[in-house]
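As structure tokens, the structure follows; a few thoughts come after it.
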Amino acid sequence: MAIKSDKWIKRMADNHGMIEPFTDSQIRKKDGNDLISYGTSSFGYDVRCATEFKVFTNINSAVVDPKSFDENSFVNFDSDVCIIPPNSFALARTIEFFRIPRNVLTICLGKSTYARCGIIVNVTPLEPEWEGHVTLEFSNTTPLPAKIYANEGVAQMIFLESDEDCEESYLDRKGKYQGQTGVTLPKT
Numbered sequence: 000m001a002i003k004s005d006k007w008i009k010r011m012a013d014n015h016g017m018i019e020p021f022t023d024s025q026i027r028k029k030d031g032n033d034l035i036s037y038g039t040s041s042f043g044y045d046v047r048c049a050t051e052f053k054v055f056t057n058i059n060s061a062v063v064d065p066k067s068f069d070e071n072s073f074v075n076f077d078s079d080v081c082i083i084p085p086n087s088f089a090l091a092r093t094i095e096f097f098r099i100p101r102n103v104l105t106i107c108l109g110k111s112t113y114a115r116c117g118i119i120v121n122v123t124p125l126e127p128e129w130e131g132h133v134t135l136e137f138s139n140t141t142p143l144p145a146k147i148y149a150n151e152g153v154a155q156m157i158f159l160e161s162d163e164d165c166e167e168s169y170l171d172r173k174g175k176y177q178g179q180t181g182v183t184l185p186k187t
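Per numbering that gives the first Met the number 0, the very first residue in the sequence shown carries number 0; after that it's consecutive.
And the structure:
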């Protein structure tokens with residue numbers, strides 16, 4: 000496996016629609032305002048967060064059960080900013096839609112700007128031939144409310160290319176999150 004460079008990412012986006020919409024450089028300012036950067040970096044791609052959020056709340060004293068997740072455990076809203084309560088979390092999604100090639104595994108890591116504020120971004124690997132909007136989980140590990148900015152960079156995708164195709168891809172297995180759009184809750 001080899002980590003792929005900005006040239007490879009640009010080629011895959013242009014020729015195979017691997018990332019849509021695609022930004023072929025790092026964007027740090029818009030309309031004169033500083034942003035948390037997004038777009039192509041040296042060896043990865045910094046994704047943006049859409050304005051669709053689900054913030055965890057425990058007003059119903061629910062038990063978090065991945066086999067039977069209660070949608071009422073979230074407050075849904077659309078905004079340019081999301082405030083995550085102390086020691087809680089929120090779900091969001093990427094603006095970008097991904098189509099991962101059969102010989103590529105994609106790993107997502109949080110951006111240092113958020114990590115240095117105690118905000119952890121968690122995403123499971125994007126498997127070969129998975130496609131969709133990526134559901135993002137933001138954990139606020141601090142005792143204070145934390146702010147997430149939509150339409151700005153939140154995490155970096157790292158692409159690992161194998162010298163051969165996998166025997167069975169996510170598409171072949173008919174994975175339960177294939178083609179997801181919007182913020183997607185746990186499924187069994």
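Virtual Cβ for every residue (Gly too), placed ideally from N, Cα, C. Note that the coordinates shown come from a computational prediction; the quantities given were computed from them, not determined experimentally.
Select from Met17, Glu19, Gly38 the residue whose C-alpha is nearest the C-alpha of Arg27.
Looking at the Cα atoms, Gly38 is the closest of the given residues.
Since Ile157 is in the beta strand (DSSP E), which residue starts that stretch and which ends it?
Where Ile157 is concerned, the enclosing beta strand (DSSP E) stretches over 152-160.
How close, in whole Å, do the beta carbons of Phe55 and Ser87 come, if the pair is a contact with beta carbons under 8 Å?
Contact flag correct, Cβ pair sits at about 5 Å.
Expressed to the nearest angstrom, what Euclidean distance is found between the alpha-carbon atoms of Glu166 and Pro144?
About 45 Å.
Could you say which of Ser111, Phe96, Ile157, Ile82 lies nearest to Val103 if we only look at CA atoms?
Ranking Ser111, Phe96, Ile157, Ile82 by Cα distance to Val103 puts Ile157 first.
Apply the 10 Å Cβ neighbour rule to Ala89 and answer buried if 16 or more other Cβ atoms are within range, or exposed otherwise.
Classification for Ala89: buried.
Let me know the alpha helix (DSSP H) ranges lying completely inside the segment 0-76, each 4 residues or longer, listed in chain order.
Segments of the alpha helix (DSSP H) lying fully in the segment 0-76: 5-15.
Skipping 5 residues on each side, what residues in its chain have a beta carbon closer than 7 Å to that of Ser36?
If we look at Ser36 and ignore the five residues flanking it on each side, its Cβ neighbours are Gln25, Ile26, Arg27, Asp45, Gly152.
I'd like to confirm the pairing. Which residues does DSSP put opposite Gly109 in its beta bridges?
In the DSSP output, where bridge partners are listed per residue, Gly109 has Ala154.
Drop a sphere of 10 angstroms on the beta-carbon of Ala1, count the other beta-carbons inside from all chains shown, and report buried for 16 or more, exposed for fewer.
Exposed, by the Cβ-count rule.
Just the C-alpha distance for Asp64 and Asp30, rounded to the nearest angstrom, thanks.
Using only the alpha carbons, I get a separation of about 43 Å.
What's the gap between the Cα of Leu170 and the Cα of Phe97?
Taking the straight line joining both Cα atoms gives about 13 Å.
If I measure Cβ to Cβ from Lys186 and keep anything under 8 Å in the same chain, skipping five residues before and after, which residues do I get?
If we look at Lys186 and ignore the five residues flanking it on each side, its Cβ neighbours are Lys175, Tyr176.
Considering only the beta carbon of each residue, do Gly131 and Gln179 sit closer than 8 Å?
Contact flag set, yes.
Looking at Ala114 and Ala49, is the spacing between their C-beta atoms short of 8 Å?
Not in contact: Ala49 and Ala114 (Cβ atoms no closer than 8 Å).
Please identify the residue among Thr140, Pro100, Ser111 whose C-alpha is closest to the C-alpha of Trp129.
Trp129 has its Cα closest to that of Pro100, out of Thr140, Pro100, Ser111.
Going by DSSP, what residue range makes up the beta strand (DSSP E) through Glu136?
Segment 130-139, the beta strand (DSSP E) holding Glu136.
Which value, in whole angstroms, describes the spacing of the CA atoms of Asn121 and Asn139?
Spanning the two alpha carbons is a distance of roughly 11 Å.
For the beta strand (DSSP E) containing Tyr176, list its first residue and its last residue.
Unbroken run through Tyr176: none, as it is neither H nor E.
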